[in-house]
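FYI, in UniProt numbering the residues of the sequence shown are 1 to 312.
Glycine included, every Cβ here is placed at the ideal spot set by N, Cα and C.
The structure displayed is predicted, hence computed values, not measured ones.
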Amino acid sequence: MAPLLLGAVMLVAQLQLVPSRPAVVPGNEPGQPELVRKAATLQEEIPDGAAPNGSAQQLPQTIIIGVRKGGTRALLEMLSLHPDVAAAENEVHFFDWEEHYSQGLGWYLSQMPFSAPHQLTVEKTPAYFTSPKVPERVHGMNPAIRLLLILRDPSERVLSDYTQVFYNHVQKRKPYPSIEEFLVRDGRLNVDYKALNRSLYHLHMENWLRFFPLRRIHIVDGDRLIRDPFPEIQKVERFLRLSPQINASNFYFNKTKGFYCLRDGGRDRCLHESKGRAHPQVDPRLLNKLHEYFHEPNKKFFELVGRTFDWH
């Protein structure tokens with residue numbers, strides 16, 4: 001009886017030593033940053049069957065990093081049409097807000113949607129692109145992550161940036177200066193205006209390329225996404241190595257709103273009414289100053305990424 005009992009105890013001990021997942025996981029190799037190892041360990045510790053349907057929260061394998069007012073919400077909604085994509089509903093601001101980042105990867109994981117093992121988890125926070133600390137922090141979590149960057153004509157982005165803040169003040173019944181008061185100072189273009197700085201794409205891109213090769217960053221043409229979304233989404237599917245599931249029939253032009261809406265399983269949905277607002281009327285001479293200001297920065301950006309865009 002004693003030998004049988006001893007054998008049973010040894011069998012239990014051996015079973016406990018067998019890991020439920022592979023012992024060597026990505027990010028656990030020598031020489032990788034501590035945060036990468038923590039990310040891998042944290043992901044491994046997620047219990048199987050965390051939800052009744054077998055889904056679990058996963059750290060994102062893809063992040064839409066920006067740009068603000070470039071079309072990030074439209075991109076996320078369109079990408080969510082794919083059955084193999086699970087998208088975080090809100091902007092998480094983990095890597096750019098210290099109060100969030102200080103809470104660690106466990107907190108970040110808790111903000112992610114529940115997803116099946118085969119699904120790709122995506123989050124979008126457009127402020128990431130222009131935040132100096134973010135590229136290194138994202139790289140520390142996962143150097144192999146795939147990044148999506150959606151950009152528009154820099155001048156149009158500036159006007160859209162102003163429009164959003166303007167309407168936020170209108171809703172709160174607070175006064176807000178005209179765009180000319182922001183764009184012009186002492187008769188010259190006010191280069192200290194934050195909205196202008198956000199549109200200097202080459203400066204921010206240089207920071208990201210210090211940590212990620214260009215092949216890890218797919219740039220979505222935000223202007224084309226507005227005019228003809230399907231071809232742009234096809235490119236995103238290929239970049240993310242997703243099977244082609246999104247079709248041209250998933251998009252229809254809403255004449256009332258003036259932009260494309262989505263058709264998902266017979267259900268129609270459009271972006272929030274805050275999207276697609278008319279920009280303020282700007283003096284053509286000031287608009288020309290904007291175009292001239294961005295001419296050289298745009299050229300630098302084109303050289304940096306090896307492609308051109310149809311911008312002024």
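Task: Residues that THR62 bridges to, as DSSP identifies them - done: As a position in the sequence shown, residue 62 is number 62, starting the count at 1. THR62 is bridged to VAL122 and ARG146.
Open item on the list: Using C-beta distances below 8 Å, list every residue in its chain close to PRO280, excluding the 5 sequence neighbours before and after it, in chain order.
Closed with: The count along the sequence shown starts at 1 and reaches residue 280 at position 280. Taken in chain order, the residues that qualify are LEU159, TYR162, THR163, PHE166, SER178 and ILE179.
- [ ] State buried or exposed for VAL170, treating a residue as buried only when at least 16 other CB atoms are found within 10 Å of its CB.
- [x] Position 170 of the sequence shown, counted from the start, is the residue given in the question as residue 170. VAL170 is exposed by the Cβ-count criterion.
Task: Inter-residue spacing [alpha-carbon to alpha-carbon] between PHE294 and LEU200 - done: If you number the sequence shown from 1, residue 294 lands on position 294. If you number the sequence shown from 1, residue 200 lands on position 200. Straight-line spacing of the CA atoms in PHE294 and LEU200 works out to 7 Å.
Open item on the list: In the DSSP output, what is CYS261 paired with across the bridge?
Closed with: To locate residue 261, count along the sequence shown from 1; it is residue 261. Beta-bridge pairing links CYS261 to TYR252.
Task: Neighbour-count burial assignment, LYS255, 16 or more Cβ in a 10 Å radius - done: Counted from its first residue, the sequence shown places residue 255 at position 255. Counting C-beta atoms within 10 angstroms of its own C-beta, LYS255 has fewer than 16 neighbours from the protein chains shown and is therefore classed as exposed.
Task: Delimiting residues of the alpha helix (DSSP H) encompassing HIS204 - done: Residue 204 sits at position 204 when you count from the first residue of the sequence shown. First-last of the alpha helix (DSSP H) with HIS204: 201-209.
Task: Close beta carbons around ARG188, own chain, < 8 Å, minus the five adjacent residues each side - done: Within the sequence shown, numbered from 1, the residue matching residue 188 stands at position 188. Within the same chain, ARG188 has no close Cβ partners at all.
- [ ] Determine, using beta carbons only, whether ASP84 and TYR128 come nearer to each other than 9 Å.
- [x] Here the question's residue 84 lines up with position 84 in the sequence shown. Here the question's residue 128 lines up with position 128 in the sequence shown. A distance of 9 Å or more separates the beta carbons of ASP84 and TYR128.
Task: Close Cβ partners of THR308 (< 6 Å) along its chain, the five nearest in sequence each way excluded - done: Indexing the sequence shown from 1 puts residue 308 at position 308. Hits under 6 Å: PHE302.
- [ ] Please name the residue or residues paired with ILE217 in a DSSP beta bridge.
- [x] Translated into the one-based positions of the sequence shown, residue 217 becomes position 217. Bridge partners of ILE217: LEU147.
- [ ] Compute the distance between the beta-carbons of ILE145 and ILE63, then report whether it is under 9 Å.
- [x] What you label residue 145 is simply residue 145 of the sequence shown in a count that begins at 1. What you label residue 63 is simply residue 63 of the sequence shown in a count that begins at 1. A Cβ-Cβ contact shorter than 9 Å links ILE145 with ILE63.
Task: Whether SER55 touches PHE94 by CB criterion (9 Å) - done: Counted from its first residue, the sequence shown places residue 55 at position 55. Counted from its first residue, the sequence shown places residue 94 at position 94. Cβ atoms of SER55 and PHE94: not closer than 9 Å.
Task: Spatially closest choice to PHE182 from VAL282, PRO297, GLY71 and LEU79, by CA coordinates - done: What you label residue 182 is simply residue 182 of the sequence shown in a count that begins at 1. The shortest Cα separation from PHE182 among VAL282, PRO297, GLY71 and LEU79 belongs to VAL282.
Task: CB contact flag (GLU232, LEU225, <9 Å) - done: Sequence index remark: in the sequence shown, residue 232 carries index 232 (1-based). Sequence index remark: in the sequence shown, residue 225 carries index 225 (1-based). Judged by their CB atoms, GLU232 and LEU225 are nearer to each other than the 9 Å cut-off.
Open item on the list: Taking the beta strand (DSSP E) that ARG68 belongs to, which residues open and close that run?
Closed with: Reading the sequence shown from its first residue, position 68 is the one you call residue 68. Here ARG68 belongs to no beta strand (DSSP E), and DSSP marks it neither H nor E.
Open item on the list: Excluding the 5 residues flanking ASN190 on each side, which residues of the same chain have their C-beta closer than 8 Å to its C-beta?
Closed with: Position 190 of the sequence shown holds residue 190. Residues PHE182, LEU183, VAL184 and LEU196 of the same chain have their beta carbon placed closer than 8 Å to that of ASN190, with the five preceding and five following residues left out of the count.
Open item on the list: Only counting the same chain, and skipping five residues up and downstream in sequence, which positions put a Cβ closer than 7 Å to that of GLU77?
Closed with: Locating residue 77 in the sequence shown gives position 77, where the first residue counts as 1. LEU262 and LEU271, listed in sequence order.
TODO: Since I believe ARG68 is in contact with ARG216 (beta carbons under 8 Å), could you give me their beta-carbon distance rounded to a whole number of angstroms?
DONE: Within the sequence shown, residue 216 is the residue found at index 216, counting from 1. Within the sequence shown, residue 68 is the residue found at index 68, counting from 1. Their Cβ separation, rounded to whole angstroms, is 21 Å, which puts ARG216 and ARG68 out of contact at 8 Å.
Open item on the list: Please report the distance separating the alpha-carbon of MET112 from that of LEU286.
Closed with: The residue you call residue 112 lines up with position 112 of the sequence shown. The residue you call residue 286 lines up with position 286 of the sequence shown. Note on geometry: alpha-carbon atoms of MET112 and LEU286 lie some 43 Å from one another.
Open item on the list: With H, G and I counted as helix, E and B as strand and the rest as coil, what does DSSP make of ARG241?
Closed with: The residue labelled residue 241 in the question sits at position 241 within the sequence shown. Here ARG241 sits in coil by DSSP.
Open item on the list: Is the beta carbon of PRO132 closer than 9 Å to that of ASN247?
Closed with: Here residue 247 refers to the residue found at position 247 of the sequence shown. Here residue 132 refers to the residue found at position 132 of the sequence shown. No, these two residues do not count as a Cβ contact at 9 Å.
Open item on the list: Could you tell me the alpha carbon to alpha carbon distance between TRP107 and VAL92, rounded to whole angstroms?
Closed with: Looking up residue 107 in the sequence shown gives position 107. Looking up residue 92 in the sequence shown gives position 92. Rounded to whole angstroms, the gap between the alpha carbons of TRP107 and VAL92 is 10 Å.
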